[in-house]
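According to the numbering used here, the sequence shown is numbered sequentially starting from 322.
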Amino acid sequence: MLKKPIQLTENVFLIDGYDLGMTERTGAYVLMEEEITLIETSASPSVPYILSGLKSLGIAPEEIKYVIVTHIHLDHSGGAGLLLEHCPKAKVVVHKKGARHLANPSRLIASAKAVYGEKFNSLFDPILPIPEDRLLIKNDQETLQIGENCLLSFYDSPGHANHHFSIYHPNVAGIFTGDTAGIYYPQLKRQGIEFYIPTTSPNQFDPEKMLQSINIFKSLNAQRLFFGHFGMSDNPSETYKQVEAWLPVFISVAQRAFEEAVDFETRTRLASERLFQKLKEDLLEKGVKEEDPIFEILALDLEISSMGLIDYLTKQIS
Ligand SMILES: [Zn+2]
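The structure is reproduced here in structure tokens:
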């Protein structure tokens, strides 16, 4: 049984995209304003879930005016082209550095194939180009009116990716942070554990920029963060604190793995295994059970994050 969309605030809903067939990994936020707006689409296999979620909210796809993507990694915007085929009136709102890759996704496809190999088709296919006249670029601090009393603001937020922006929603005092402020695990929150870690995927991870972007978030005084992965936290200061604390740990673990091995695969594997051990110990200490499914999810997230860490360190010396 599919879950109904989750109501997060009076006018903000979250539809689970069942990325990788798993719940609570990626989703699409629905902003129920005069101009109905989605934030993130997840990858193409998630589009049927989004359409069915919209239906259960009583929204016809023709009513969607904007589909905003925080960045163009496929788990955030890979489904945008396919979704647009169902939403004839929608425009896709994107960072200027990401726009051309949505119009011509050949490089996105090639780099995803390089990372995901044989799994590419089941995870991402199809990645459809978006006609340029349906793309709307938003620069730093530009705005978008989606209702008489609802003006969204866009903020460049590099760190996870250079082509990343985040969206401030004044009516809920919230920021849609994409992947800049880390990953949130609502599964753990239900056990009483608040847990946030940075997401450092390849190939534009930059820790300095990530911290600077978090500083911008702090200056906005948000009361809520809406994560790319997954859901809403009403405790931004705890998020910033944890992500800022884990970031140097991630770097130093990766640095050691980098020094101990010579090839990308071994370095990545070492970093990923050791980070996993550290995080696991931390969570076991907090009372999570050894057999909790969260560990499978964490291992997956850390595998991708470790690739980005080693990629970053490789670029530092070259
Ligand atoms: Zn992501």
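Cβ coordinates follow ideal geometry from the N, Cα and C atoms, glycine included. No experiment lies behind these values; they were computed from the predicted model shown.
Discussion item. Any contact between the stretch 405-414 and the stretch 424-432? By contact I mean 3 or more CB pairs, one from each, below 8 Å.
Written reply: no
Worksheet entry | C-beta atoms of phenylalanine 538 and serine 487 nearer than 9 Å | Against a cut-off of 9 Å, the Cβ pair of serine 487 and phenylalanine 538 comes out as a contact.
Fill in: asparagine 483 versus glycine 419 - alpha carbon distance
9 Å
Worksheet entry | Straight-line gap, alanine 494 to glutamate 581 (C-alpha atoms, nearest Å) | 45 Å
Worksheet item: Could you give the distance in angstroms between the alpha-carbon of phenylalanine 445 and the alpha-carbon of alanine 433?
Response: Taking the straight line from one Cα to the other gives about 9 Å.
Worksheet item: Where does isoleucine 504 land, buried or exposed, given buried means 16+ other C-beta within 10 angstroms?
Response: buried
Practice prompt. Can you tell me which of Thr362, Gly379, Gly438 puts its alpha carbon nearest to the alpha carbon of leucine 405?
Written response: Thr362
Practice prompt. Just tell me which of Pro450, Lys607, Phe597 has its CA closest to the CA of alanine 620.
Written response: Phe597
Item to complete: Buried or exposed for valine 583, please, with buried defined as at least 16 other CB atoms from any protein chain shown within 10 angstroms of its CB.
Response: exposed
Item to complete: Compute every distance between the C-beta of histidine 550 and the non-hydrogen atoms of ligand 1, then say whether any falls below 8 Å.
Response: yes
Discussion item. Is any non-hydrogen atom of ligand 1 found closer than 8 Å to the C-beta of aspartate 500, if you look at the structure I gave you?
Written reply: Here the distance from the Cβ of aspartate 500 to the nearest heavy atom of ligand 1 is below 8 Å.
Worksheet item: In three-state DSSP terms, what is glycine 552?
Response: strand
Discussion item. Could you check if threonine 344 belongs to the surroundings of ligand 1, using beta carbon to heavy atom distance under 8 Å?
Written reply: no
Worksheet entry | Alpha-carbon spacing of isoleucine 448 relative to proline 366, whole angstroms | 10 Å
Worksheet item: By Cβ distance, which residues of its chain are closer than 6 Å to glutamine 328, with the 5 residues on each side in sequence left out?
Response: Phe334
Item to complete: Answer with buried or exposed for arginine 511, where buried requires no fewer than 16 other C-beta atoms within 10 angstroms of its C-beta.
Response: exposed
Worksheet item: Heavy atom of ligand 1 less than 8 Å from the Cβ of serine 396, yes or no?
Response: Note that residue 396 corresponds to aspartate in the displayed sequence, not to serine. True, at least one ligand heavy atom lies under 8 Å from that Cβ.
Worksheet item: Taking 8 Å as the cut-off, does the CB of serine 522 come closer than this to any heavy atom belonging to ligand 1?
Response: yes
Worksheet item: Assuming aspartate 622 and proline 523 make a contact with CB atoms under 8 Å, what is their CB distance in whole Å?
Response: Aspartate 622 to proline 523, Cβ: 13 Å. No contact.
Worksheet item: Would you say threonine 347 touches ligand 1, meaning its beta carbon is less than 8 Å from a heavy atom?
Response: yes
Practice prompt. Kindly list the residues whose CB is nearer than 6 Å to the CB of leucine 472, restricted to its own chain and excluding five residues on each side of it in sequence; keep chain order.
Written response: Thr464, Gln466
Discussion item. Taking the alpha-carbon of tyrosine 561 as reference, which of Ser534, Val390, Lys440 has the nearest alpha-carbon?
Written reply: Closest by alpha carbon: Ser534.
Discussion item. Using C-beta distances below 7 Å, list every residue in its chain close to tyrosine 339, excluding the 5 sequence neighbours before and after it, in chain order.
Written reply: Ser367, Tyr370
Fill in: For isoleucine 631, the three-state DSSP class (helix, strand or coil)
helix
Practice prompt. Could you spell out where the beta strand (DSSP E) holding lysine 412 opens and where it closes?
Written response: 412-415
Worksheet item: Since phenylalanine 497 contacts isoleucine 360 with CB under 8 Å, what's their CB separation in whole angstroms?
Response: 5 Å
Item to complete: Report all residues from its chain with a CB closer than 8 Å to the CB of isoleucine 385; omit the five preceding and five following residues, and keep chain order.
Response: Closer than 8 Å at Cβ, skipping near neighbours: Ile357, Thr358, Leu359, Leu375, Cys408, Lys410, Ala411.
Item to complete: Round the Cβ separation of leucine 541 and alanine 592 to the nearest angstrom and send it over; I've been treating them as touching at under 8 Å.
Response: Their Cβ separation, rounded to whole angstroms, is 32 Å, which puts leucine 541 and alanine 592 out of contact at 8 Å.
Worksheet item: Does DSSP put isoleucine 496 in a helix, a strand or coil?
Response: strand
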